[in-house]
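In what follows, a structure is listed as structure tokens, so that the remarks can point back to it.
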Amino acid sequence: MENNKKLFAFKLAKKQANQVKSKPEQFKAREGVAIAGCTDPSGRFLVRYSDNGMYC
Amino acid sequence: MSQKRILIISHSDDLHVDVLTPILERKGHIPFFLKLDAFPRDYEIFHQFNDGDWTGEIKNLITGDSVAISEIGAVWLRKSAEFSYLDEQLSEQERAFSQEETNHTLFGLFYGLDCYWINHPLANRHASYKGEQMKRAVNMGFLIPPSIITNSPNRAKDFKNSSTSEIVFKTLSSPLLGAEKITSENREVDGLRTTIIDGDLSELDAVAQLPCYFQSYIDKAFEVRVTVIEDKVFAARIDSQTDARTRVDYRDFSVSVPYQAMDLPSEVKHRCLQFLKSYGLVFGALDFIVTHDNEYIFLENNPGGQFWFVEQLVPELNMMETLAGSLIKGLEC
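From first to last, the protein sequence lines stand for chains A and B. No gaps in the numbering here: position 42 of the first sequence is 42 in my numbering, and each next residue is one more. Remember, my numbering sits 56 above the position in the second sequence when you count from 1.
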């Protein structure tokens, strides 16, 4: 866990982000949902549709 | 009498609005789009009371389009957004005050509208709290996973120790962890999907900072996303267990797990409809786990949930057309 973050959710998210960094992979949306509307503010999905309904 | 119009309330980057609008236009209805992220900056608004009459108008200063409140016959309330003001350099206190005044301006108007809603904001608000959702779901006969919301590290540890399976962490509000409310340069983390808690128990000490939501992890055969629009129920089977990346949380759209239309067991379908009706909701997107014993486990209802990604993958679930039809029909109410 990331000890510099105070909240449990943030520690968990940081831990996950570090795991992803250790095996970097270009995000590519699956075919057919290129603009699915479930996106995130990181911009890994699509900038135009970075709506806050990200996780549905 | 002028033709009634559909008011869409969301933010500028809402794909669902971009998809629905041409469908409505093809059917002869040009909606008025209130972009909350550009409000009040790019709009002029008034509503006033004179001799008992309530009149008002919202005008988009960029497009010139306007709608009188008496013209609004149906509203699609989609998503919220942070407001924008003419001066981007408002002080912190000015911004805090502006936020409250803008909320009162809009919701004072919205609540006064006597028209068809998908969904009414009061129904949305009532339906948005996961703790209450779980209680209601149980009362209505749904099965749910053992769950706890607590800021007690000891209770969280006891929950983990006593769970017959692994436990998962979920957010109660937004999985974006507040990222959507701050500027990109200040973002510390992007968000967090449902996550299995597999670390040392001492990590749960951080729960003391803020109440956290944990559930026992239920082993799944597959998942089901149910979208309800009025009395129509659209169910998509999601075979999330076919790929390790979607096994805990299916919402990884880089992974091509199969989606297909399915018929819900009649009692599950009935309960979904009754669940939404109990809140006064017209629309809802519900998530279920289906176990290897074919038990349907209720996870949550999203009153403003996304559904276009489902329709893209399962086009026969024609939810956008259905939604457009409901809004147009609502104009007659």
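All residues carry an ideal CB built from backbone N, CA and C; glycine is no exception. Here the structure is a predicted model, which means the values were calculated and not measured.
Minimum Cα-Cα distance from E244 of chain B among the listed residues B:L233, B:K83, B:D254, B:K191 corresponds to B:L233. Non-local C-beta neighbours of D261 of chain B in its own chain, meaning closer than 8 Å and more than five positions away in sequence, comprise P209, ordered along the chain. Within the DSSP secondary-structure output, G112 of chain B pairs in a beta bridge with B:H103.
D343 of chain B carries a strand assignment under DSSP once its states are collapsed to helix, strand and coil. Residue ranges of uninterrupted beta strand (DSSP E) with 3 or more members, entirely inside the region 314-361 of chain B and ordered along the chain, are 315-317, 339-346, 352-358. Comparing C-alpha distances from L369 of chain B to each of B:Q104, B:V338, B:F344, B:V311 shows the shortest one belongs to B:V311. For G247 of chain B, at least one C-beta of chain A is nearer than 8 Å to its own C-beta. Y306 of chain B sits buried, since 16 or more C-beta atoms from the chains shown fall within 10 Å of its C-beta. Rounded to the nearest whole angstrom, the CA to CA distance from L383 of chain B to A130 of chain B is 6 Å. Measuring C-alpha to C-alpha distances from T251 of chain B to each of B:N217, B:E144, B:A277, B:Q271 identifies B:Q271 as the nearest. Less than 8 Å divides the Cβ of S296 of chain B from the Cβ of F278 of chain B.
Non-local C-beta neighbours of F166 of chain B in its own chain, meaning closer than 7 Å and more than five positions away in sequence, comprise P177, ordered along the chain. With a minimum length of 4 residues, the unbroken runs of alpha helix (DSSP H) contained wholly in the region 143-190 of chain B fall at 148-166, 177-183.
A straight line joining the alpha-carbon of Q316 of chain B with that of E157 of chain B spans about 46 Å. For K115 of chain B against H67 of chain B, the beta-carbon gap comes to about 19 Å, at or over 8 Å, which does not count as contact. When rounded, the separation of the alpha-carbon atoms in E144 of chain B and E188 of chain B is 38 Å. DSSP places P96 of chain B within a strand segment (E or B) once states are collapsed to three. Residue state for T119 of chain B is assigned as coil, using DSSP reduced to three classes. A distance below 8 Å separates the beta carbons of Q16 of chain A and L248 of chain B. Annotation for T239 of chain B: no alpha helix (DSSP H) segment contains it, and DSSP assigns it neither H nor E. For the region 6-21 of chain A, residues whose beta-carbon sits nearer than 9 Å to a beta-carbon of chain B comprise K6, L7, F8, A9, F10, K11, L12, A13, K14, K15, Q16, A17.
Residues of the region 263-285 of chain B that bring their beta carbon within less than 7 Å of a beta carbon in chain A comprise V263, Q265, L266, C268, in sequence order. Within the same chain, K60, G129, A130 come within 6 Å of L387 of chain B by CB-CB distance, once the 5 residues on both sides are set aside.
In this structure, B:K91 is the residue among B:K91, B:K325, B:T77, B:I79 with its C-alpha nearest to the C-alpha of D69 of chain B. Secondary structure within the region 217-304 of chain B: the beta strand (DSSP E) runs of 3 or more consecutive residues, fully enclosed, are 223-226, 268-272, 278-285, 288-294 (chain order). Identification of residues in the region 214-236 of chain B having a C-beta nearer than 9 Å to some C-beta of chain A yields F225, T227, S230, P231, L232, L233, A235, E236, given in sequence order. At a cut-off of 8 Å between beta-carbon atoms, E241 of chain B makes no contact with chain A. Going by DSSP, L71 of chain B is part of the alpha helix (DSSP H) stretching over 71-82. Sixteen is the threshold: when 16 or more other Cβ atoms of the shown chains lie within 10 Å of the Cβ of F344 of chain B, as they do, the residue is buried. Shown here for G360 of chain B: same chain residues with a beta carbon closer than 7 Å to its own, the five before and five after excluded, namely R134, K135, N180 in chain order.
Note that the C-beta distance between W173 of chain B and I62 of chain B is not below 8 Å.
Residue environment for R82 of chain B: exposed (fewer than 16 other C-beta atoms within 10 angstroms of its C-beta).
Residue-level contact check: E372 of chain B does not touch chain A, since none of the beta carbons of chain A fall below 8 Å from its beta carbon. Under DSSP, W132 of chain B shares a beta bridge with B:I64, B:I174. Put simply, the CB of T111 of chain B is far from chain A, with every gap to its CB atoms at 8 Å or more.
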